[in-house]
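This is the structure we're talking about:
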């Protein structure tokens, strides 16, 4: 897995094609440890098989660039459009999402061949200057496709963790590797003045539609914790009986907790008088100093209430993060799990905010199927910020918004406390 | 039903006791047309039987005022605390919410007697100046209890409509009454400058905890439609195939629509080449000029997208409404259904906003069970503003926030369009 | 409740009209203790409100006798056909079964008036000799309607018990009455030779279609226990850990047990170091010597396995019971609960057999809607025999087959052991 | 696939070891066309992945023969006992049945190695005469293991068909092969005298516990149709509106039909003005003269009612079949789909009977885990007789009973009509 080499700061891409090559290579590297049978695993409707991620990210380039804009392009198989469209209504019918794990055909070699087919067509089209789009629009679409694929890189490893977790053998996706040792980080709070700030993407680099328009928000003075909530703190919360204390919970969170029988984060169990957890490196003792991960919004909210604090809004997080350097434990580190002692606002775990995913003032999605990318999810989901140990670093920006349902836990989700000042 | 006398502007209450007497009398008036069997109807977990509303609103006074603060108070039946607590965890265990319709005992006469028992105790305690609370706190709790009961008045009639709708006889709760005729209202848009405004409750009158603190919000310039969306406009939306056009819908809204088979607002059907609807006055032809009612957030959002506009945020609505006089079709009019042609921002139908129900900056719920009133619902629900034809007028304030799940339709829910300016 | 007077042997009916009068009077007596709100209770789809039983049994006479065969008959309300048809497809559309509890209208007085309307028409038609049917067919239909109503008498009280059980007040339908004291009954087994026997109804008296044709069955020699399994024996089964011993259970029974959390018969709980149960006389200590009641087929089957025996087939039961006198604790005793120490094969609790409900050789249901009475239920249900403390005695015959799903428990269901000989 | 060579009459096995070798080889031949990803497919809880069938049938020999009776036997992997136990409670804990498709590890090569490990140990133990069992008991257990594996051969191909059916590519498991042409078979009815007959297994050859004891049954004279119901007849049933005619259906069957939206057999669709179906040879036009397959009990029962006949009881079928030679379209033919024009009572499709799966008189399951093989399924399932085109011919006997739930359709299930005589 040469691309996951522990470097935490990938060099910037020189061009859209350069970004394309790096992104595609990184995806290939991610599936290198997998068997053909691993490639088909789907454990729930929210998750997809690795093979499907490989094919769907390829379909995205084919559907939105090659088919409309490369004269003479011949798809490798017309039927793949049906199989590998995810949710783009305007791009035609789709295979049932919950049944992706039943697509044993096309096989892994077929899908790898499909990837090569599309890559070759794109490279060739660029070399021949054969696209009917202007360079700027073409670069923008290729860049969008790469960012899309990076999102799926994150899903690929977290979906895989979820699927593997149903196997009593608890397979390891990767061998543990020695991690740098950091001094224990200052847990002091940082104070922010607030006032009339601007958030959202407004510059010239890549961003998703939902990150803009840049706009004004009024913030009261606030504080943010110096690091995410740790496993040690979470255990204190558990030992205080908080999973059984209804008054700490949102009404709906309590109902989900009862229905699901939650009494720990996802993937935890008690063994030999200690807490263990299942990770991409297999079963391991819980690292007390590391950020807690795999907690739902309901749990994060209950923890904050128990701690006497609250979750930040996404505007508070962004206003604080925008001036800081993006530096943290991302996918490229190869750690694949949160690390203890890292300073700063970035990486390790996505941080639940108290903000529902909603359009910014003046938001209008682009026309066509691409406009379905984010806009149609703007209800009942909560925004998270900061990226995780499964997020490609190149994706990150201060304005980046990811979003999940309050009950979801299978991504690398944690929290950072906030307080009024 | 003498209190529902068509007056649209109830005179202000002279004192907490005065408010108490009027509120209690209005509740009694609301159940006057009901049979003992009607009093037990519960059609879904979200709704409660009329009898239960009668008892629960009484329990509220008993639990939060008489028991803790009136020395020597003897409950009529100790077991009622279990039966008539709704969701206050800190007030002890509760009967299963979905089984309230199975409480044939205590009977209606028993519950009416319970109401008298509590009313007499409260009056007597006031007359004897026997409460251990200071007057200000006591008045505040009585006032809260009255507003709580007014909320249940609204639920009582809308829950009843829902339960009656399962009866093929489509019973009429009330006889239609002649309504004033209004000139057709101007549908022009009103423009608002926005800027740094203040919203939320900050004054001295009654408000729920979630309406504060008063706080600053930055608004871009915006416009609001001069009236709610009408049935005629909704039919145009339907006839344009919008219920079958997936791209108009939020992803989740489309899934709900498919699962539930929605293709009209709730309670509508086709008959004799026209649209009919079931109301508290029984089956009636749809009034084309009246505001559409019984639509979900998903439908309202799809309509706005179809119309090329959007829903307002709650801050936009409040900033526009705060300077205007509260005047509209509320419960006291006795109309019990939206009316055509009424001007202004108030009454007829609750208006869906695009704002998720969330805590205002600096919000902290009060201690104790009363703190569960609103705070624990702050996830996955959307705010509505303006009150409806089932809302007691005395409840209304510009800062008033009600909230429902995006799929819910059984309340008097409609919409008003907004646009960027 | 004058008709439930403790007499255990009702005198035979002198005529179809005599049976009609007695049956109708007995139904009225059964609802005499109920409030109007009790009359509307429906706790699950399998159960119906008392008021609905009153109306449906009336509809049966109207639909199958008055409408087709009494010239000039005018229904009291044409819409009742929709409301009170249960499952007769050929008799027209039906109201949704699970929503019967929402029919607050027609009211109880309306339904009682409907009963009188139909009774008067039937009496008058008989007096005037105005029916277009011959006397034999008319008597047969009236008799069928009475037996149908007797079945609903049993359902009425058991459905009511189920609905009341959701009320934390645990209302008593009837006051406990002193019961005769019987000597403890001989628990010895009776041996039966088997061989080629005949079972099924073949005589001239009333029987349901599914009881015939009379036919030959080969039986190996067998034994039947002298009395039903008692509560004391059931407690021994429980205390032996049998609810937690998977190997005693049918695969499907274990799954239901786990899903439902069963660890006792329905309506049992532990209190003050003893077992209590909820009955039609309210909460009472479990009577150790009385037959166990409210157990599913799955539980009965597991008990028999635990005891080293088995359940009888319905042919074994019938061959043994046919020569004996019908004598036991039926509805007319007013006991409303199984009694200790009664000898014989009849009454107290329905006895689960190991026979699936299936057509006898040569069975053909009658034409028309009446043919839906039993035939369409002949899959996935098990036969029970012998009648219970909620069964009108006049219903009983050796060939009488009732049937329930293996998971159902709300009827008066118990068991008697059998063994090979 | 050399063992599926079209021979329809496999020669008898010379010994238990000979049967073992042939059975194991046939299983390997069945998976030869599959990719590693196919091997992991599980489409529903009722079905299992091919790889799991390979491993579970191996586990059976290990668990019931090698571990208890071969001194010194070392399992290849102790953890496989957990992964590959199906439902034998007495053989220890089991992996969740619905999650078998998530066992990407152990891999296909590992499972094939596991098969060899167990085969070698068994062969070696036999060669060394090292088993602690006497020869007769050992042979009986090996034979049971082989028959068990033959059952899983049938499940393997039918489960695979079900999983493949979710793939829009509709993969072909096998190429269609030329089939022998038979003259159209006589559809005349055969008459049987009935009387006091004996059914059930009583001889010395292999049979499952549930096939005995042999016992007497009284049968009235009856007739059986000369061939199974054909696709042409089924289409006539469909075209007569029978899927929409409630009175033809059992109450429960109608409810399932409505919930599932059934209006054809499983895997059928309309295309180019004709009926097509998905088979193990891919999509094909429905063969009008071939037996209908993939119909539930509910559908079979409705068809029989529509046709004015009935389904046979299992005793009727067995009494008629016992004197006839076992000859028909079984797995070994390689047809993998029912064939037109075959005479006799055997093969092509399992034939639904009207008999619930129940213990024969005097049935007692063997002690230990083997006793769970059939007995614990004896509720709510219906017996089918005769074997199908997916059944290994060596399995068949006149006394053979298979059983499925009335709603199940994914096996090769059809029907033959019966009538009273």
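Protein chains in written order, with full-length UniProt numbering: chain E, 1 to 421; chain G, 1 to 421; chain S, 1 to 421; chain R, 1 to 421.
We put the CB at the ideal spot given by N, CA and C, even for glycine.
Can you give me the start and stop residues for the alpha helix (DSSP H) that residue 80 of chain R sits inside? 80-84
Alpha carbon to alpha carbon, how far is residue 408 of chain E from residue 64 of chain E? Give it in angstroms, no decimals. 30 angstroms
Can you find the residues in the same chain that come closer than 8 angstroms, C-beta to C-beta, to residue 272 of chain R, ignoring five residues on each side of it along the sequence? none
In chain order, each alpha helix (DSSP H) run of at least 4 residues that lies wholly inside the stretch 232-260 of chain R: 251-260
Can at least three beta-carbon pairs, one atom from the stretch 17-37 of chain S and one from the stretch 277-295 of chain G, be found at a separation below 8 angstroms? no
Distance, residue 419 of chain G Cα to residue 380 of chain E Cα: 22 angstroms
Of all the options R:94, R:143 and R:158, which has the alpha carbon lying nearest to the alpha carbon of residue 204 of chain R? R:143
Specify, as a first and last residue, the run of the alpha helix (DSSP H) that residue 410 of chain G falls within. Run containing residue 410 of chain G: none; DSSP gives neither H nor E here.
Please name the residues in the stretch 35-65 of chain E whose beta-carbon is closer than 8 angstroms to at least one beta-carbon of chain R, in chain order. 35, 36, 37, 38, 39, 40, 41, 43 and 51
Candidates R:68, R:287 and R:312: closest to residue 225 of chain R by CA position: R:312
Does any residue of chain G bring its CB to less than 9 angstroms from the CB of residue 95 of chain S? yes
So, do the stretch 318-336 of chain G and the stretch 256-275 of chain G have three or more beta carbon pairs nearer to each other than 8 angstroms? no
Give the residues from the stretch 330-364 of chain S that approach chain R closer than 7 angstroms (Cβ to any Cβ), ordered along the chain. 354, 356, 358, 361 and 362
Please name the residue in S:374, S:330, S:383 and S:335 whose C-alpha comes closest to that of residue 356 of chain R. S:383
For residue 150 of chain R, count neighbouring C-beta atoms within 10 Å of its own C-beta (all shown protein chains included) and say buried if the count is 16 or more, exposed if not. buried
Residues of chain E with a CB under 9 angstroms from the CB of residue 373 of chain G: which are they? Result: empty, since nearest Cβ-Cβ is about 11 angstroms, beyond 9 angstroms.
Here's a check: name, in chain order, each residue in its chain whose Cβ is nearer than 7 angstroms to the Cβ of residue 53 of chain G, leaving out the five neighbours to either side. 152, 155 and 156
Using a Cβ-Cβ cutoff of less than 7 angstroms, which residues in the same chain neighbour residue 430 of chain E once the five nearest sequence positions on both sides are dropped? Only positions 1 to 421 of chain E appear in this structure, which leaves residue 430 of chain E out of reach.
Kindly confirm or deny that the stretch 89-105 of chain G and the stretch 367-374 of chain G touch, where touching means at least three C-beta pairs closer than 8 angstroms. yes
Considering only C-alpha positions, which residue in the set R:62, R:100 and R:76 is nearest to residue 44 of chain R? R:100
On the criterion of 16 or more Cβ atoms from any shown chain inside 10 Å, does residue 308 of chain E qualify as buried, or is it exposed? exposed
Check whether the Cβ atoms of residue 41 of chain E and residue 104 of chain R sit closer than 9 angstroms, and answer yes or no. yes
Tell me the residue span of the alpha helix (DSSP H) that contains residue 59 of chain G. 50-61
Alpha carbon of residue 202 of chain R to alpha carbon of residue 209 of chain R, nearest angstrom: 11 angstroms
Residue span of the beta strand (DSSP E) that contains residue 270 of chain E, given as start and end: 268-271
For the stretch 159-171 of chain G, which residues have a CB atom closer than 7 angstroms to at least one CB atom of chain S, in sequence order? 163, 166, 167, 168, 169 and 171
What span of residues does the beta strand (DSSP E) with residue 220 of chain R cover, start to end? Note, residue 220 of chain R: premise wrong, no beta strand (DSSP E); not H, not E.
Alpha carbon to alpha carbon, how far is residue 172 of chain G from residue 37 of chain G? 15 angstroms
Going along the chain, which residues of its own chain have a beta-carbon closer than 7 angstroms to the beta-carbon of residue 6 of chain S, five neighbours each way excluded? Because the pLDDT at residue 6 of chain S is just 43, under 50, the model does not fix this residue reliably, and the point stays unresolved.
Nonlocal neighbours in the same chain, by C-beta distance under 6 angstroms from residue 164 of chain R, ignoring five residues either side: 171
How would you call residue 196 of chain R, buried or exposed, if buried means at least 16 neighbouring beta carbons within 10 angstroms? exposed
Can you tell me where the beta strand (DSSP E) with residue 279 of chain R in it begins and where it stops? 274-279
Chain-order list of residues whose beta-carbon lies under 8 angstroms from that of residue 215 of chain S (same chain, five-residue window excluded): 198, 199, 200, 360, 361 and 362
With 8 angstroms as the C-beta to C-beta threshold (strictly closer), list the residues of the stretch 99-129 of chain G near chain S in chain order. 99, 101, 102, 103, 104, 105, 106, 107 and 108
Considering residue 284 of chain S, what are the terminal residues of the alpha helix (DSSP H) in which it resides? That residue, residue 284 of chain S, is in no alpha helix (DSSP H); its beta strand (DSSP E) goes 282-285.
Taking all protein chains shown into account, decide if residue 132 of chain R is buried (16 or more other Cβ within 10 angstroms of its Cβ) or exposed. exposed
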